[in-house]
């Protein structure tokens, strides 16, 4: 009886000590986190005008970007002003028709905040994590975000591209702009940067898309569900960009294949391309043309906006109101929900950032080749100048 009592008391003491140790560890980590400067998690994207009246500025910034539209620097700003002025009335009308502005900022800020909440729990060694959004063509622009980070005392930051698939014209442009702002605003290099420059096969990304597709398929009549054609639609690229060896088409295809693999290739599918503008050749086949061709031949068709991490004008207007809304086969057409606030997706993003932080990798092994092949009037000459700790230099 006495020995049993002693064993019971000993077991109780060990459990108590373990609880105290764990509590002390959590408290110690929290106290340490409070003393540390925040780690900035910066979601980088093209952005969109949150208000209709911001449309001209957005279009001007976009057409003035030499990484996106590589023309003579001497004429680019003049041409950008002309094109922006010409296109603004039409694009303003489109933004009014989807509710008065782009939802990209709303969703990006939500995603960044939720990712940081998860990271504070799962990655305490780099806590606290502070969310930021840096857009290339709309508020908050990269310069505005950088100034705020300096005010907040950020010493370490991850540039997290919200283009899961690398293109020099998108992620490359964001990196070039980051370098320009480092030189302009942070010559002392108080912030040490790294970048997540691509993540086409991220587990959370693949799983979230697969879940959304499976859910949307339930809206089709049961007898035709397995026959519904899945059209994965991504923003197209001009063929002169593709022909430089840009990684984008292959990485988009990798995402599509991984999703179909998860869905066990149950439905027929194709990767198609949208948002072509201007007379020169673009990557095809075009989303709208394939949809109209298949319309009379299929029992159902689903559009999956595969290259976007949230809703914006290309999903809400181009697909919903244009491709679907104007089609005589609209009763057969549905669009898969965008990722937006999908919890599976956000957890996947957080896991990706955690792995990146713990790896101490500054950028992917592919990025130097991307920049060697990319064409621009003002590129980063050496990625090691942008990323890493330069505080003592």
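Numbering (our numbering), first residue to last: 40 to 432.
All C-beta atoms in this analysis are idealised placements derived from N, C-alpha and C, irrespective of residue type, glycine included.
Since the structure is predicted, the reported quantities are computational estimates derived from the model, not experimental observations.
Is the number of C-beta pairs between the stretch 283 to 297 and the stretch 232 to 250 that are closer than 8 Å three or more? yes
Can you say whether residue 62 is buried or exposed, counting buried as having 16 or more other CB atoms within 10 angstroms of its CB? If you number the chain shown from 1, residue 62 lands on position 23. Here residue 62 scores only 49 on pLDDT, less than 50, and its place in the model should not be relied on; the value that follows carries that caveat. Exposed is the call here.
Quick one, are the C-beta atoms of residue 78 and residue 196 less than 8 Å apart? Numbered from its first residue, the chain shown carries residue 78 at position 39. Numbered from its first residue, the chain shown carries residue 196 at position 157. Going by C-beta atoms, residue 78 is nearer than 8 Å to residue 196.
DSSP on residue 325, reduced to helix/strand/coil? Here residue 325 is taken as the residue at index 286 of the chain shown, counted from 1. It is a strand residue.
Would the beta-carbon of residue 215 fall within 8 Å of that of residue 419? For the purposes of this step, residue 215 is taken as the residue at position 176 of the chain shown. For the purposes of this step, residue 419 is taken as the residue at position 380 of the chain shown. Yes.
Considering only C-alpha positions, which residue in the set 278, 202, 372 and 335 is nearest to residue 241? Within the chain shown, numbered from 1, the residue matching residue 241 stands at position 202. Residue 241 has its Cα closest to that of 202, out of 278, 202, 372 and 335.
Could you tell me the distance, in whole angstroms, from the CA atom of residue 436 to the CA atom of residue 262? For residue 436 there is no data in the structure shown, the boundaries of the chain being 40 and 432.
Just to confirm, is the Cβ distance from residue 389 to residue 345 under 8 Å? As a working mapping, residue 389 is identified with position 350 in the chain shown. As a working mapping, residue 345 is identified with position 306 in the chain shown. No, they are not a contact pair.
Give me the Cβ distance between residue 117 and residue 95, rounded to the nearest whole Å; I'm assuming they're in contact under 8 Å. Stepping through the chain shown from its first residue, residue 117 is reached at position 78. Stepping through the chain shown from its first residue, residue 95 is reached at position 56. Not confirmed; about 15 Å, so no contact.
Suppose you measure from the CA of residue 357 to the CA of residue 143; what does that come to, to the nearest Å? As a working note, residue 357 is residue 318 in the chain shown. As a working note, residue 143 is residue 104 in the chain shown. If I take the Cα positions, the gap works out to 15 Å.
Please classify residue 169 as buried or exposed, where buried requires at least 16 neighbouring CB atoms within 10 angstroms. Reading the chain shown from its first residue, position 130 is the one you call residue 169. Buried.
Residue 172: which of 194, 89 and 180 sits nearest, CA to CA? As a working note, residue 172 is residue 133 in the chain shown. Comparing Cα positions, the closest option is 180.
First through last residue of the beta strand (DSSP E) which encompasses residue 374: As a first step, residue 374 is located in the chain shown; it is residue number 335 there, counting from the start. Start and end: 372 to 374.
Buried or exposed: which applies to residue 88, given that a residue is buried once 16 or more other Cβ atoms fall within 10 Å of its Cβ? Residue 88 sits at position 49 when you count from the first residue of the chain shown. Buried, since its Cβ has 16 or more Cβ neighbours within 10 Å.
Are the CB atoms of residue 301 and residue 249 nearer to each other than 8 Å? Residue mapping note: residue 301 aligns to position 262 of the chain shown, counting from 1. Residue mapping note: residue 249 aligns to position 210 of the chain shown, counting from 1. In this structure, residue 249 lies closer than 8 Å to residue 301 by Cβ.
Going by the beta-carbon positions, is the gap between residue 425 and residue 146 smaller than 8 Å? The residue given as residue 425 occupies position 386 in the chain shown. The residue given as residue 146 occupies position 107 in the chain shown. Not in contact: residue 425 and residue 146 (Cβ atoms no closer than 8 Å).
Since residue 391 is in the alpha helix (DSSP H), which residue starts that stretch and which ends it? Residue numbering aside, residue 391 sits at position 352 when the chain shown is read from its first letter. Taken as a continuous stretch (DSSP letters only), the alpha helix (DSSP H) holding residue 391 covers 382 to 398.
Can you name the start and end residues of the alpha helix (DSSP H) that residue 402 belongs to? Here residue 402 corresponds to residue number 363 of the chain shown, with the count starting at 1. Looking at the DSSP string, residue 402 is not in any alpha helix (DSSP H), and its letter there is neither H nor E.
Tell me, please, whether the CB atom of residue 283 is closer than 8 Å to any CB atom in chain B? No chain B is part of this structure, which consists of one protein chain only.
Any chance you could list the alpha helix (DSSP H) runs of at least 4 consecutive residues sitting entirely within the stretch 183 to 267, in chain order? Taking 4 residues as the minimum length, the alpha helix (DSSP H) runs contained wholly in the stretch 183 to 267 are 212 to 224 and 242 to 256, in order along the chain.
What is the C-beta distance between residue 339 and residue 266, in whole angstroms, given that I count them as a contact (C-beta under 8 Å)? Mapped onto the chain shown, residue 339 falls at position 300. Mapped onto the chain shown, residue 266 falls at position 227. So it is a contact: roughly 7 Å between Cβ atoms.
Beta-carbon within less than 7 Å of residue 156's beta-carbon, same chain only, minus the 5 sequence neighbours each way: which residues are those? Position 117 of the chain shown, counted from the first residue, corresponds to residue 156. Closer than 7 Å at Cβ, skipping near neighbours: no residue.
Quick one: what's got a C-beta closer than 6 Å to residue 82's C-beta in the same chain, skipping five residues either side? Indexing the chain shown from 1 puts residue 82 at position 43. Counting only Cβ-Cβ distances below 6 Å, and skipping sequence neighbours, we find 147, 151, 172, 199 and 201.
Local conformation of residue 368 per DSSP, three classes: In the chain shown, residue 368 corresponds to position 329, counting from 1. Of the three classes helix, strand and coil, the one that applies to residue 368 here is coil, per DSSP.
For residue 414, I'd like the list of residues in its chain whose CB is within less than 7 Å of its CB, leaving aside the five on either flank, ordered along the chain. Taking the chain shown and counting its residues from 1, one reaches residue 414 at position 375. Same-chain partners within the cutoff: 109 and 283.
Continuous alpha helix (DSSP H) stretch holding residue 127: start and end: Looking up residue 127 in the chain shown gives position 88. Start and end: 112 to 136.
Presumed contact (8 Å Cβ cut-off) between residue 351 and residue 213, rounded CB distance: Counting from 1 along the chain shown, the entry for residue 351 is found at position 312. Counting from 1 along the chain shown, the entry for residue 213 is found at position 174. The beta carbons of residue 351 and residue 213 sit about 16 Å from each other, so the pair does not count as a contact at 8 Å.
Between residue 122 and the rest of its own chain, which residues show a CB-CB distance below 6 Å, the 5 nearest in sequence each way excluded? Along the chain shown, one-based indexing puts residue 122 at 83. For residue 122, where only same-chain residues beyond five positions count, the Cβ hits under 6 Å are 102.
The beta strand (DSSP E) that contains residue 313, what's its start and end? Here residue 313 refers to the residue found at position 274 of the chain shown. Start and end: 308 to 313.
Mind reading off the beta-carbon distance from residue 337 to residue 326? Whole number of angstroms is fine, and I expect it under 8 Å. The sequence position of residue 337 within the chain shown is 298, counting from 1. The sequence position of residue 326 within the chain shown is 287, counting from 1. Not really, about 15 Å apart at Cβ, beyond 8 Å.
Just the C-alpha distance for residue 129 and residue 387, rounded to the nearest angstrom, thanks. Within the chain shown, residue 129 is the residue found at index 90, counting from 1. Within the chain shown, residue 387 is the residue found at index 348, counting from 1. Whole-angstrom Cα-Cα distance: 37 Å.
Nonlocal neighbours in the same chain, by C-beta distance under 6 Å from residue 259, ignoring five residues either side: On the chain shown, residue 259 is found 220 positions in, with the first residue counted as 1. For residue 259, where only same-chain residues beyond five positions count, the Cβ hits under 6 Å are 267 and 339.
Hey, could you find the ends of the alpha helix (DSSP H) residue 299 is sitting in? Here residue 299 refers to the residue found at position 260 of the chain shown. Start and end: 287 to 301.
Applying the criterion that 16 or more other CB atoms from any shown protein chain within 10 Å of the CB defines a buried residue, is residue 416 buried or exposed? Counted from its first residue, the chain shown places residue 416 at position 377. Counting Cβ neighbours within 10 Å, residue 416 comes out exposed, since fewer than 16 surround it.
Helix, strand or coil: how does DSSP classify residue 177 here? Within the chain shown, the letter at position 138 stands for residue 177. Residue 177 falls in the coil class under three-state DSSP.
Assuming residue 462 and residue 211 form a contact by the criterion Cβ under 8 Å, report the distance between their Cβ atoms to the nearest whole angstrom. Any question about residue 462 goes unanswered here, given that the chain covers just 40 to 432.
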